[in-house]
Amino acid sequence: MKDQLLSFQKKPYLVKYRFYPFREYLKERFPYKVHKIPLHSGFTCPNRDGRSGVGGCTYCINESFSPNVTRHFLSIKEQIETGKAFHKQRYGAEKFIAYFQSFTNTYADLDTLKSRYEEALSDKDIVGISIGTRPDCIADDILSLIDGYAKKFHVWIEYGLQSIHDRTLKRINRGHDYKIFLDAINRTKKTCINICVHVILGLPGETAEDMMQTAEAIANMGIQGIKLHHLYVAKNTALAEEYFYGNVQTLDMDAYVQLTAGFLERIPSNVTVQRLVGDTHGNFLISPIWKASKAAIAGSITRELERRGAFQGSRCGMAASLMNCPDPFPVRNVQEHVSEEPKLHIIEI
Ligand code: SF4
Numbered sequence: 000m001k002d003q004l005l006s007f008q009k010k011p012y013l014v015k016y017r018f019y020p021f022r023e024y025l026k027e028r029f030p031y032k033v034h035k036i037p038l039h040s041g042f043t044c045p046n047r048d049g050r051s052g053v054g055g056c057t058y059c060i061n062e063s064f065s066p067n068v069t070r071h072f073l074s075i076k077e078q079i080e081t082g083k084a085f086h087k088q089r090y091g092a093e094k095f096i097a098y099f100q101s102f103t104n105t106y107a108d109l110d111t112l113k114s115r116y117e118e119a120l121s122d123k124d125i126v127g128i129s130i131g132t133r134p135d136c137i138a139d140d141i142l143s144l145i146d147g148y149a150k151k152f153h154v155w156i157e158y159g160l161q162s163i164h165d166r167t168l169k170r171i172n173r174g175h176d177y178k179i180f181l182d183a184i185n186r187t188k189k190t191c192i193n194i195c196v197h198v199i200l201g202l203p204g205e206t207a208e209d210m211m212q213t214a215e216a217i218a219n220m221g222i223q224g225i226k227l228h229h230l231y232v233a234k235n236t237a238l239a240e241e242y243f244y245g246n247v248q249t250l251d252m253d254a255y256v257q258l259t260a261g262f263l264e265r266i267p268s269n270v271t272v273q274r275l276v277g278d279t280h281g282n283f284l285i286s287p288i289w290k291a292s293k294a295a296i297a298g299s300i301t302r303e304l305e306r307r308g309a310f311q312g313s314r315c316g317m318a319a320s321l322m323n324c325p326d327p328f329p330v331r332n333v334q335e336h337v338s339e340e341p342k343l344h345i346i347e348i
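Letter by letter, the sequence shown follows residues 0 to 348 in numbering that gives the first Met the number 0.
This is how it looks when you write it as structure tokens:
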């Protein structure tokens with residue numbers, strides 16, 4: 000505990016936010032403002048086309064969380080130009096990470112993947128790449144291809160896990176089990192690719208204890224990032240049908256804040272938090288309707304951690320191991336850019 004308190008004092012963002020937001024992580028590495036640009040590569044998903052499963056995950060309607068899906072007729076270059084203009088104008092962003100977000104972005108032959116990724120990386124303002132995929136869709140030659148970019152770029156792979164419990168994965172029709180996920184993580188850890196894991200809180204049939212078990216398992220994986228989502232029910236999904244039959248409930252906001260705080264307490268403080276709440280667009284959402292912005296929810300989680308006298312990693316007792324790779328964007332002097340007095344802030348990540 001003494002070591003934890005010392006490391007807590009050394010990290011101003013833990014004082015300020017009580018967790019490690021991705022934007023602080025980016026500030027540590029880049030002397031300019033970096034934003035992610037979501038991209039649609041034009042691929043589908045093996046859990047929708049029959050290779051791993053049929054019908055997809057029960058909560059999945061990709062259109063609801065990827066607004067760029069509707070722009071899929073644009074080339075990668077065109078999507079990047081559009082994204083750059085938007086993030087520059089709205090947020091003052093200067094450099095960008097190409098985020099292959101929609102569906103399964105390793106689901107194509109090697110040449111096709113190479114040409115899509117490199118179309119993005121050829122833009123002079125792209126400093127990194129982040130590739131969202133399923134753990135059952137990552138062959139070793141694809142890993143090598145992505146690993147090759149890590150010499151010059153900031154490289155992430157994002158694996159959907161959602162839960163470590165096979166009974167839950169079965170119930171939501173994930174089309175893979177926990178063992179497959181562990182195999183993907185172990186193979187990826189042999190590379191210089193940063194790993195981010197996606198988890199959903201509030202999945203059908205899961206207790207708080209189940210979710211905390213997922214947190215504890217992730218804490219020991221040696222990953223670098225995490226994205227947390229709340230379960231939401233969107234129109235045109237299998238989950239919506241279950242919801243209307245009364246077989247699924249969603250969380251109220253306070254319950255989600257409690258669960259997220261507990262989850263973060265169990266995750267090492269040097270694992271960056273890339274997302275704290277799910278994101279659904281416009282008319283697709285059925286439940287829950289919280290009437291709170293993402294920033295307000297993040298602020299509530301910070302306040303809950305503060306109320307507990309806790310912070311990310313305070314119930315974990317360890318730091319995630321660092322990658323032993325040459326880093327094209329090593330951590331800069333933290334004190335240079337985090338100099339504000341510790342106080343609570345409502346933030347958006
Ligand atoms: S893996 Fe992703 S894209 Fe595929 S069905 Fe599940 S949520 Fe949808």
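Backbone N, C-alpha and C fix where the C-beta goes; we use that ideal spot for every residue, glycine too.
Here the structure is a predicted model, which means the values were calculated and not measured.
Is residue i near residue j, with beta carbons less than 9 angstroms apart?
i, j, result
"Gly224", "Asn193", "yes"
"Leu142", "Arg186", "yes"
"Leu200", "Tyr255", "yes"
"Arg166", "Gly131", "no"
"Pro37", "Gln100", "yes"
"Ile60", "Phe243", "no"
"Leu275", "Leu227", "yes"
"Ala237", "Tyr98", "no"
"Ala319", "Ala216", "no"
"Pro45", "Cys136", "yes"
"Thr271", "Ile300", "no"
"Phe262", "Val198", "yes"
"Phe152", "Val126", "yes"
"Gln257", "Glu305", "no"
"Asp124", "Lys76", "no"
"Tyr16", "Glu23", "yes"
"His352", "Gly277", "Residue coverage of the chain in this structure runs from 0 to 348, which leaves residue 352 outside it and unanswerable."
"Asn172", "Cys56", "yes"
"Asp140", "Leu120", "no"
"Tyr90", "Lys32", "yes"
Within 10 angstroms of the Cβ of residue i, are there 16 or more other Cβ atoms? Answer buried if so, exposed if not.
i, result
"Ile163", "buried"
"Ala214", "buried"
"Gln273", "buried"
"Ala92", "buried"
"Val330", "exposed"
"Glu208", "exposed"
"Glu117", "exposed"
"Gly308", "exposed"
"Gln311", "buried"
"Asn104", "buried"
"Gln248", "exposed"
"Lys35", "buried"
"Gly54", "exposed"
"Ser292", "exposed"
"Tyr231", "buried"
"Gln78", "buried"
"Pro134", "buried"
"Lys189", "exposed"
"Lys10", "buried"
"Gly281", "exposed"
"Gly82", "buried"
"His174", "The amino acid occupying residue 174 in the given sequence is Gly; His does not appear at that position. Counting Cβ neighbours within 10 Å, Gly174 comes out buried, since at least 16 surround it."
"Ile288", "exposed"
My output table needs one value for residue i: the three-state DSSP class, helix, strand or coil.
i, result
"Val272", "strand"
"Thr187", "helix"
"Asn104", "coil"
"Leu200", "strand"
"Thr301", "helix"
"Tyr244", "coil"
"Ser63", "Caution is warranted here: a pLDDT of 44 is assigned to Ser63, below 50, making its placement in the model unreliable, and the coordinate value is therefore given only provisionally. The answer is helix: DSSP assigns Ser63 an H, G or I state."
"His349", "Only positions 0 to 348 of the chain appear in this structure, which leaves residue 349 out of reach."
"Asn193", "strand"
"Glu157", "strand"
"Phe85", "helix"
"Gly131", "strand"
"Arg170", "helix"
"Gly91", "coil"
"Ser143", "helix"
"Phe283", "helix"
"Ala260", "helix"
"Leu250", "coil"
"Ala319", "coil"
"Asp110", "helix"
Return yes when the C-beta of residue i is under 8 angstroms from any heavy atom of the ligand PLP, and no when it is not.
i, result
"Gly41", "As presented, the structure is devoid of the ligand PLP, carrying the ligand SF4 as its sole ligands."
Measuring only between beta-carbons, confirm whether residue i sits less than 9 angstroms from chain C.
i, result
"Ala84", "Among the chains of the structure shown, chain C does not appear; only one protein chain is present."
For this session: Specify whether the region 258-274 and the region 309-317 touch according to this definition: at least 3 beta carbon pairs, one from each stretch, less than 8 angstroms apart.
Result: yes
For this session: May I ask you to verify whether the region 144-153 touches the region 171-179, counting CB pairs closer than 8 angstroms and requiring at least 3?
Result: no
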